[in-house]
Amino acid sequence: MRIGAHVSSAGGPAAAFGRIAAIEGEALQLFISAPQQWKPPSLSDEQVHAFLAAKATAGIPAFFHGVYLMNFGSHDPALLNRSVASLRSYLHWAGELGVVGTIFHVGSHLGAGFDAVLPQICGSIREAMDGAPNGSRVILENNAGQGNCVGRTFAELGAIFRGLDNDPRLAVCIDTCHAFAMGYDLSTREGCELAMEELDREVGLDRIVAVHANDSKMPLGGVRDRHENIGEGHIGLEGFRTLMAHRAFADVPFLLEVPGFEGDGPDLENINRLKRIRDELKS
Ligand SMILES: [Zn+2]
Ligand SMILES: [Zn+2]
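Numbering (this note's numbering), first residue to last: 3 to 285.
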């Protein structure tokens with residue numbers, strides 16, 4: 003189990019490898035464009051070569067996180083088109099840069115209901131995938147169940163998988179904070195087992211390619227997305243020990259998206275807390 007983190011790509015995507023090395027991370031996640039803007043990623047040949055060289059030297063897996071604006075449940079055709087174009091572009095660059103895949107949020111049904119938007123969601127993701135035919139994974143992330151967000155339960159993720167004929171490129175990233183806020187009690191053995199049974203039934207445990215390892219400021223079932231440093235939230239160190247012991251996560255990279263003890267994002271202390279648990283479980 004690799005312990006890594008989301009890091010900034012300021013100064014070019016290759017710079018992310020220096021940042022992950024500085025906090026001794028073993029896997030990384032990055033954006034390749036501003037996450038709050040539609041401006042598509044555009045990388046020069048130099049940036050591509052620098053990224054590939056840095057990645058080869060570091061020898062660690064990398065993941066993209068898609069932009070936050072995407073919404074495959076939108077009834078606005080312009081916004082839907084931009085969402086497809088944005089995902090397609092990330093999938094394209096994922097292939098070029100040899101990253102595992104692109105983790106993204108499906109969006110919101112805006113009150114229409116999950117079933118009403120499901121065909122459109124599947125059609126749009128299909129369109130993005132077909133426009134970037136390479137082996138990079140298309141990684142759906144569960145959310146905290148806030149508002150009308152799609153992908154709150156593993157059953158909803160399963161419905162999207164089936165709508166896409168369980169395409170082999172599809173995968174999931176489980177965010178521990180989101181799952182906990184949604185009411186999946188990953189902090190207890192029974193709760194974790196129940197959650198993983200549902201996930202296994204809906205998409206298959208082998209589809210988990212990443213975990214967003216975040217503690218939760220919200221209590222179980224709080225349905226709000228508030229990340230906390232590892233051990234400082236309602237999941238707690240014991241909770242992480244329990245979930246990290248589950249076979250579903252044995253070979254899956256854990257990526258931190260925590261506020262950090264200095265307030266500037268994932269840091270060495272958060273990484274070390276997860277590494278200590280991992281090493282205890284090994285011995
Ligand atoms: Zn996340
Ligand atoms: Zn979150």
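Note that the Cβ used here is the ideal one computed from N, Cα and C, for glycine as well.
DSSP links Cys-194 through a beta bridge to no other residue. Nearest C-alpha to Ile-25 among Ser-285, Arg-278, Asn-274: Asn-274. Look at the segment 46-70 and you find these whole runs of alpha helix (DSSP H), each 4 residues long or longer: 47-60. Distance from Leu-172 to Val-213 at the Cβ level is roughly 17 Å; contact not present, criterion being Cβ atoms closer than 8 Å.
For the 8 Å CB-CB criterion, Ile-62 and Glu-98 do not form a contact. Minimum Cα-Cα distance from Arg-243 among the listed residues Leu-222, Asp-253, Ala-64, Glu-282 corresponds to Glu-282. Secondary structure of Ile-237 (DSSP, three-state): coil. Beta-bridge partners of Leu-142 (DSSP): Phe-106, Val-174. Put simply, the backbone Cα of Ala-36 is about 15 Å away from that of Ala-17. Under the criterion of beta carbons closer than 8 Å, Lys-57 and Phe-19 qualify as touching, at roughly 7 Å. In this structure, Ala-215 lies near Leu-276, with their beta-carbon atoms less than 8 Å apart. Contact between the segment 116-132 and the segment 148-163 is established, with three or more Cβ pairs separated by less than 8 Å. Taking 7 Å as the cut-off, the C-beta of Glu-259 counts as close to a heavy atom of ligand 1. Residue pairing of Ala-7 in beta bridges, as defined by DSSP: Leu-30, Leu-258. Taking a cut-off of 8 Å on C-beta distances, the segment 181-188 touches the segment 220-232, as three or more cross pairs fall below it. Excluding five sequence positions before and after Arg-84, the CB atoms of its chain that fall closer than 7 Å to its own CB belong to Trp-40, given in chain order. Annotated three-state conformation of Glu-230 is strand, per DSSP.
Annotated three-state conformation of Ala-183 is helix, per DSSP. Of the candidates Ala-55, Phe-106, Leu-89, Ile-127, the residue whose Cα lies closest to the Cα of Gly-100 is Ala-55. Proximity to Leu-81 across Thr-59, Ile-123, Pro-43, Gly-233 peaks at Ile-123, based on C-alpha coordinates.
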